[in-house]
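According to this note's numbering, the sequence shown is numbered sequentially starting from 177. All C-beta atoms in this analysis are idealised placements derived from N, C-alpha and C, irrespective of residue type, glycine included.
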Amino acid sequence: MAPKKPLLEQMRLNPRADWDINAIRKLCGEHGIELQPPSNGSHYKAVSPYLAGHLTIPYKRPIKPVYIRELVEMVSAHEAAKQQIEKE
């Protein structure tokens with residue numbers, strides 16, 4: 177049996193899967209990205225302490241592939257910025 181791939185890699189390889197907000201919450205938690213629940217509306221906000229701006233992700237399921245791709249890009253940029261700051 178092949179070892180299970182990390183969640184980030186699973187999302188990168190298959191953004192069209194039936195991803196839900198719990199998977200998004202888990203990925204953000206693993207990488208230190210804050211996922212803020214909606215205060216008024218239906219969109220969560222993913223906020224990185226290393227990046228400017230935020231990403232909005234709808235709560236509605238299934239989450240569209242475009243949001244998963246944007247989240248994967250955000251996590252990759254977050255990790256790169258984090259490593260750059262730790263180098264200095």
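- Go ahead and label Ile-261 buried or exposed: buried means 16 or more other beta carbons lie within 10 angstroms of its beta carbon, across all protein chains shown. In the sequence shown, residue 261 corresponds to position 85, counting from 1. Ile-261 comes out exposed.
- Message: Please list the terminal residues of the continuous alpha helix (DSSP H) segment that includes Ile-200.
- Response: Mapped onto the sequence shown, residue 200 falls at position 24. Here the alpha helix (DSSP H) through Ile-200 covers 197-207.
- Query: Which term fits Ala-222, buried or exposed, when burial requires 16 or more other beta carbons within 10 angstroms of its beta carbon?
  - Reply: As a working note, residue 222 is residue 46 in the sequence shown. By the 10 Å Cβ count, Ala-222 comes out buried.
- Exposure of Ala-256, with buried meaning 16 or more beta-carbon neighbours within 10 Å: On the sequence shown, position 80 is the one that residue 256 refers to. With fewer than 16 other beta carbons inside 10 angstroms of its own, Ala-256 counts as exposed.
- Message: Using only the alpha-carbon positions, how far apart do Lys-258 and Ile-200 sit?
- Response: For this step, residue 258 is matched to residue 82 along the sequence shown. For this step, residue 200 is matched to residue 24 along the sequence shown. Cα to Cα, the separation comes out at about 20 Å.
- Item | Cβ-Cβ separation, Leu-184 to Leu-203 (assumed contact under 8 Å), whole Å | On the sequence shown, residue 203 is found 27 positions in, with the first residue counted as 1. On the sequence shown, residue 184 is found 8 positions in, with the first residue counted as 1. With a Cβ gap of about 6 Å, Leu-203 and Leu-184 count as contacting.
- Residues of its chain near Ile-197, where Cβ-Cβ distance is below 7 Å and the 5 sequence neighbours each way are ignored: Walking along the sequence shown from the start, residue 197 turns up at place 21. Within the same chain, Ile-197 has close Cβ partners Tyr-220 and Tyr-235.
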